[in-house]
Each structure stands twice: as C-alpha cells, then as structure tokens.
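Participant: One structure, as structure tokens, below. Some questions next.
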Amino acid sequence: MTLGTQEGRQPRAVADLLPVVPIAVVAGGGMAAVVATSWGLMPLYGEPTPGADGWRQVATDLGPAVRETLVLSVGATVLALVVGLGIALVLLAGSPLVRAASLAVLAVPHLVGATSVLLWLGDGGWGARLTGAGPATWPELVAGPWPVATVLALAWKESAFVALVVLAAVAPGHRERMETAATLGARPLQRWTRVLVPSAAPALAATGLVVLVYSIGSYEVVWLLGRTTPEPLSVLSFRLFGSIELLDRPAAAAAAVTGSALALGLTLVAVAAGARVGRSLGAPS
Amino acid sequence: MSATAATAVRRSATGLALLWLLAPLLPVVLWAVSSRWSGRARLPQELGLDGWTAALEAGLAPALVRSVLLGLAVAAVATPLGAWAGRLLGWRIARRPRLLAVALVLPVLLPPLAVAMGLDVVVLRIGVPGPLAVLAVLTVLALPYTAFTAAAGFARVGPGPEEQARTLGANPRQARWLVTWPALRRSLAVAGLLAFLVGWSDYVVTLLLGGGQLVTLPLLLGASASGTGNEPTTAALAVVAASPGLLLLVVAALVLRAARADATGRSGRMAR
Chain A
1 MTLGTQEGRQ PRAVADLLPV VPIAVVAGGG MAAVVATSWG LMPLYGEPTP GADGWRQVAT
61 DLGPAVRETL VLSVGATVLA LVVGLGIALV LLAGSPLVRA ASLAVLAVPH LVGATSVLLW
121 LGDGGWGARL TGAGPATWPE LVAGPWPVAT VLALAWKESA FVALVVLAAV APGHRERMET
181 AATLGARPLQ RWTRVLVPSA APALAATGLV VLVYSIGSYE VVWLLGRTTP EPLSVLSFRL
241 FGSIELLDRP AAAAAAVTGS ALALGLTLVA VAAGARVGRS LGAPS
Chain B
1001 MSATAATAVR RSATGLALLW LLAPLLPVVL WAVSSRWSGR ARLPQELGLD GWTAALEAGL
1061 APALVRSVLL GLAVAAVATP LGAWAGRLLG WRIARRPRLL AVALVLPVLL PPLAVAMGLD
1121 VVVLRIGVPG PLAVLAVLTV LALPYTAFTA AAGFARVGPG PEEQARTLGA NPRQARWLVT
1181 WPALRRSLAV AGLLAFLVGW SDYVVTLLLG GGQLVTLPLL LGASASGTGN EPTTAALAVV
1241 AASPGLLLLV VAALVLRAAR ADATGRSGRM AR
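Same order as they appear, the protein sequences are chains A and B. Heads up: the first sequence at position 65 corresponds to 65 in the numbering used here, and the numbers run straight through without jumps. Heads up: the second sequence at position 105 corresponds to 1105 in the numbering used here, and the numbers run straight through without jumps.
Below, the structure is given as structure tokens:
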C-alpha cells in the first residue's frame, strides 16, 4: 500500500492524516469527553443533566490544589534544569559513565524513582537509619507541608532528560565556539555566560516546558510522596473519580480539566514568550 | 586555573553527577536483598530473598508477562505509525507540516489522567475492552517519541539513496525496503525502545482504563509501595520494574557498538 505518488516523493494530503487520526480520536476525544463530563453532559448512567454542579462541588478545593500543583511542578522544573545543565556540562567534558547513568535513569519508570525516594526519605527510610534519627526527629520530607520528596523524585528523573537534550543541542561545534571565544580573550566565566549558556538556552527552555507540563499532569509520584491535604490536582481528580458516589465524577472531571487547562495555558504563554524573544533577537518568523 | 585544579574540579563534578544519578536507587537494591533490617540499623542485619518470595506470591510473574506484552504491543503499533509520521517530517514532504507537528506534540502536553478519564465513560458505553483502550491511549502517548526519533533518522539518511536506487531500476517498494529501511535500523530500534518503555512504565492509564483486568508490574509496585512494612517486597518489585529498561539499554548499546564496529571494518576494507 502506498499513499505516495508514483513519480515523486510528495505524498497525497491524506498521508498527513494517518498519524493525526489516532491522536485526534484518542487525545482529542478523551479531552472532549472529560470536558463534557465536567459539565454533566456525559454521565456514566442515565440522561445527561447539563450544569455546573461538578465545578461548584470542587470549587473550594481547586485553588489550594492549583497552588500545590504549581509549587511542586515549578520546584521540580527549576531543580531539574539546574542539575540537568550541570550534568550536561559534565557530559560535554566527556564522561561515558555519567552518560550511561543518565540513560539508565531515563529508562527507569517514574514509579521506581518515587519508590526509591520513599525508601530514602520516608519515616523508616535509609536516610533516617543512617543519621540515627527517630520518628519524632526525622523531618517530614514525605507527605509533609512542603513537597520535598515529590520535587526530588520528579527532578531526579527529569534532570537526566534535560542533560541529554541539552548535550545533543550544544555538543555540535561546542569546542570550536569555546576556543574561538578564548582566542578572542574571553575569560572562563565569560565563556560560560556569553557562549555556553546562550547556546544551551533554547534546549533548556524547551525541556523546562516539557518537565513543567509533565509534572502538572503527573499522578503516581505525587500520589505516593505528596500530602493528602491539600491534594495536587491529579490526586484530587483521581480520588473523586474513584469515589463510590457517581455524582463525584463531574467534579473529578472538573479537576482534570483544570490541570489540562493549566498545562496548555502555560504552554501557550511559553510559546508566545519564546516567539517574542526570538523576534527581538532577529530570528526569522 | 591550573591544570591540576581543573582536573580536580572535573573529577568532583563527575562524582557529584554520578552520586545524584545513582544514589537514589541504592535503598531499593539494599532492601531487595535484605530479609531482616529492623529499627535503627544502618545496614541490613540479614541478607536473603524474602522480598522476592513475597513478590512472587503477590503475582510478580503474571504481572511481568502482562507488562512485557503491553510494552511490545505499544511498540508494535506506535513504531510503524511513528515511522510514517517521521518520514513526512524528516523529508519535509508533509502537506501540512505545522498541523502534523502540533498534533504530535499534543499527547506530551495533555495530562494522560485527563485523557484516560474522559475515555473511560466512552469505553464503558460502547463496550471497548479495557486492555484495548489502554493500548490505544499508550500508543498515542508513545507516538511523539517514535515520530520525532524516526524524523531525525529520515532527516539524517535523506531521500537521496532511495532516489538513486530508483534510478538504478528498483521499484518504489524495493527502494524503500532494501535501501531506506536498513539505513534507518538504528533510529527505528530507538523509537521502538522508547515506545516499549512508555507501555512498560505506565501506571495511571492502566489503572484507570484497565478496569482491574490488566494488573501490570507498575500497578503491583504501586499497591506495594503505598503499604507499610513490606519494603523488601516493594524493593524486589522495583528492581524488576527497573531492569527491562536497563537491560534494553545495554542491548541497544551493544548492538550500536557492533554496528559501528562493522561499519568501521567495512570502511577500512574499502580504504584498503
């Protein structure tokens, strides 16, 4: 079967649709259905009862949930970017061991990372055992007032992703750029700030956005390591969804829609800001 | 900075990077081989495989099989679809490249929980089996990774070799199968690996849409990790959950090294 023309490589327009259709059906259909559920248009049983009951039910929880979600996702993003850039610098200097370790971390499921952090930082974790701290003296790093364990678990895995993407973006021509800067009289710090950081900036911005959006939508890490009050959006949404009260489903969908809107909204703002920065630097539109 | 100081800084940075990347996994390894580690003891007091026995009793073997099958199924569907999209993007022959790129980025931006939650009602109403729904969602989640990996491969290889084969008399199918696909072997292997890992690692989509029929390894791990007092079992499950990714990585590295050695040998022979 071929959708391409016989004479050239230019495929028919329908070829574009082959990968788009499953995304539209699954992701688009899923999002449309969750929005409809939040407005009472898609109940599990019975007739639709359009209205904002679900939104009203969850309204008081949404503010704290959004705040909790932003705290952990921004924290994880900033830490992943800082550590990821540091690892990328080590990789640029050439370290096959660090490269293999980064790839290994990337291949480990998030839930395994969260389990490890739990076994380190939980009440009876290795951290408490190594320091000899009792249950009363060990800080509440898991499920505590600040999402320390959640941020560390997300940042640990995402820092490897940031490092490898930044490495791929910066490595070509890196040595030549640094040597040219040195020849022109730039000191080591200037070479970092004027050459390295600007060349890594687009990759850092793109990976930062991916990490931020992933962290907003993340469930298992946040559920395992986060506190129960207030809950982040994903945990609030899943708890309501699993409730035996079917009327909680629109409220669960409303929390899920809020998380999606947050992720998409931040993406649009970031893309617009990126485009403005690109224009101000004279990049072609 | 002197050369000695620079070397010391580089070594310290390498050590710190390794510590950050590998230290988090240490307690999993320790707990997986401990049968007694009580109270304040800094290290396990007794080594053993009690956690593994408990993990096997909890259903490790069938969960492992289900996870492998799910990962393979996601890779089997998402890799050819990704290769299709990758060809359009990599060779810049898409009629609507912006639409295609935006569509491919969308699954990365949307929370999987929201997508699965929306589909749950639809799936229940029209009677789609849970595992099939899980496969559909995970395939779409894997598509951006397979498509962009394949696109990079297509961009690297370019349409030139295929066109030359056509000039030499090959028909389009022969040119594609005998020239382009072999050149893309590495990219497609990486794409397949990434898709497998998406299926293998998933927790929330399987939990939500699997309807309890599809108990994979992450689900077993999540249930164990959220309990208390069963650290050896949790650690044993975590080691198994982490191992295929690491194993595939080692295999991929060996295959790539062999391919590189083969290519070097071939170019060496040609030079002679």
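Every residue, glycine too, gets a C-beta built ideally from N, C-alpha and C.
For P83 of chain A, count the other beta carbons within 10 Å of its own beta carbon; 16 or more makes it buried, fewer makes it exposed. Which is it?
Facilitator: Position 83 of the first sequence, counted from the start, is the residue given in the question as residue 83 of chain A. Note on identity: in this sequence residue 83 of chain A is Val, with Pro being the wrong assignment. V83 of chain A should be labelled buried.
Participant: Take the Cβ of A272 of chain A as the centre, count every other Cβ of all protein chains shown within 10 Å, and call the residue buried at 16 or more, exposed below.
Facilitator: As a working note, residue 272 of chain A is residue 272 in the first sequence. Result: exposed.
Participant: What residues in its chain sit with their C-beta under 7 Å from that of S38 of chain A, if we drop five residues either side in the sequence?
Facilitator: On the first sequence, position 38 is the one that residue 38 of chain A refers to. Contacts found: G54, W55, P250, A253, A254, V257.
Participant: Within the continuous beta strand (DSSP E) that includes L1034 of chain B, where are the two ends?
Facilitator: Position 34 of the second sequence, counted from the start, is the residue given in the question as residue 1034 of chain B. According to the sequence provided, residue 1034 of chain B is Ser. The question's Leu does not apply to it. Element bounds for S1034 of chain B: 1034-1036.
Participant: Would you check if the distance between the CB atom of M31 of chain A and the CB atom of S260 of chain A is smaller than 8 Å?
Facilitator: The residue labelled residue 31 of chain A in the question sits at position 31 within the first sequence. The residue labelled residue 260 of chain A in the question sits at position 260 within the first sequence. Cβ distance < 8 Å, so M31 of chain A and S260 of chain A count as in contact.
Participant: Using a Cβ-Cβ distance under 8 Å, would L1049 of chain B count as near chain A?
Facilitator: By one-based count along the second sequence, residue 1049 of chain B stands at place 49. It does not: the Cβ of L1049 of chain B has no partner Cβ on chain A nearer than 8 Å.
Participant: Can you pull the chain A residues whose beta carbon is under 9 Å from the beta carbon of L1188 of chain B, in chain order?
Facilitator: Numbered from 1 along the second sequence, position 188 holds the residue referred to as residue 1188 of chain B. Going along chain A, no residue has its Cβ under 9 Å from L1188 of chain B, so there is no contact; the nearest lies around 15 Å.
Participant: Buried or exposed, going by whether 16 or more other CB atoms sit within 10 Å of the CB of G1086 of chain B?
Facilitator: The residue given as residue 1086 of chain B occupies position 86 in the second sequence. That one is buried.
Participant: Would a check of beta-carbon distances place T2 of chain A closer than 8 Å to chain B?
Facilitator: Translated into positions along the first sequence, residue 2 of chain A becomes position 2. Low confidence applies to T2 of chain A: its pLDDT is 42, below 50, so where it sits in the model is not reliable, and the reading given next is rough at best. Yes, because at least one Cβ of chain B sits closer than 8 Å to the Cβ of T2 of chain A.
Participant: Thinking G1090 of chain B and A1013 of chain B are a contact (beta carbons under 8 Å), I'd like their distance in whole angstroms, please.
Facilitator: Position 90 of the second sequence, counted from the start, is the residue given in the question as residue 1090 of chain B. Position 13 of the second sequence, counted from the start, is the residue given in the question as residue 1013 of chain B. Not quite, the Cβ-Cβ distance comes to about 35 Å (not below 8 Å), so this is no contact.
Participant: Classify E231 of chain A as helix, strand or coil using the three-state DSSP reduction.
Facilitator: The sequence position of residue 231 of chain A within the first sequence is 231, counting from 1. If DSSP states are grouped into helix, strand and coil, E231 of chain A belongs with coil.
Participant: Strictly below 7 Å CB to CB, what residues from chain D border H110 of chain A?
Facilitator: Note that chain D does not occur in the displayed structure, where the protein chains are A and B.
Participant: When burial is assigned at 16 or more other CB atoms within 10 Å of the CB, is W223 of chain A buried or exposed?
Facilitator: Position 223 of the first sequence, counting from 1, holds the residue named residue 223 of chain A. Buried, because 16 or more other Cβ atoms sit within 10 Å of the Cβ of W223 of chain A.
Participant: Should the stretch 203-213 of chain A be regarded as contacting the stretch 42-51 of chain A, the criterion being three or more beta carbon pairs within less than 8 Å?
Facilitator: No, the stretch 203-213 of chain A does not touch the stretch 42-51 of chain A.
Participant: How is the alpha helix (DSSP H) around R1042 of chain B delimited, first residue to last?
Facilitator: Within the second sequence, residue 1042 of chain B is the residue found at index 42, counting from 1. Premise fails: R1042 of chain B is in no alpha helix (DSSP H) and is neither H nor E.
Participant: List the endpoints of the continuous alpha helix (DSSP H) containing M31 of chain A.
Facilitator: The count along the first sequence starts at 1 and reaches residue 31 of chain A at position 31. Unbroken alpha helix (DSSP H) run through M31 of chain A: 29-38.
Participant: Can you check which of these residues, A:T183, A:A15, A:A93, is closest to L1095 of chain B by C-alpha distance?
Facilitator: Along the second sequence, read from residue 1 onward, the residue named residue 1095 of chain B stands at position 95. Here the sequence assigns Arg to residue 1095 of chain B, which means Leu is not the residue at that position. Measuring from the Cα of R1095 of chain B, the nearest candidate turns out to be A:A15.
Participant: For the putative contact between S237 of chain A and L1221 of chain B, defined by C-beta atoms under 8 Å, what is the C-beta separation to the nearest angstrom?
Facilitator: Within the first sequence, numbered from 1, the residue matching residue 237 of chain A stands at position 237. Within the second sequence, numbered from 1, the residue matching residue 1221 of chain B stands at position 221. 22 Å between Cβ atoms; not a contact.
Participant: Does G1010 of chain B get closer than 8 Å to chain A when you measure Cβ to Cβ?
Facilitator: Walking along the second sequence from the start, residue 1010 of chain B turns up at place 10. In the sequence under discussion, the amino acid at residue 1010 of chain B is Arg, which differs from the Gly named in the question. Yes, R1010 of chain B counts as interfacial toward chain A.
Participant: If contacts are defined as beta-carbon pairs under 8 Å, then G144 of chain A and R227 of chain A qualify, I think. What distance do you get, rounded to the angstrom?
Facilitator: Working through the first sequence from its first residue, we reach residue 144 of chain A at position 144. Working through the first sequence from its first residue, we reach residue 227 of chain A at position 227. 7 Å between Cβ atoms; contact.
Participant: Any beta carbon of chain B sitting closer than 8 Å to that of G278 of chain A?
Facilitator: Counted from its first residue, the first sequence places residue 278 of chain A at position 278. With 8 Å as the cut-off, G278 of chain A does not count as an interface residue toward chain B.
Participant: Is the beta carbon of G286 of chain A less than 8 Å from the beta carbon of R1040 of chain B?
Facilitator: The displayed coordinates of chain A run from 1 to 285. Any statement about residue 286 of chain A would go beyond what the structure contains.
Participant: Answer with buried or exposed for L1217 of chain B, where buried requires no fewer than 16 other C-beta atoms within 10 angstroms of its C-beta.
Facilitator: To locate residue 1217 of chain B, count along the second sequence from 1; it is residue 217. It counts as buried.
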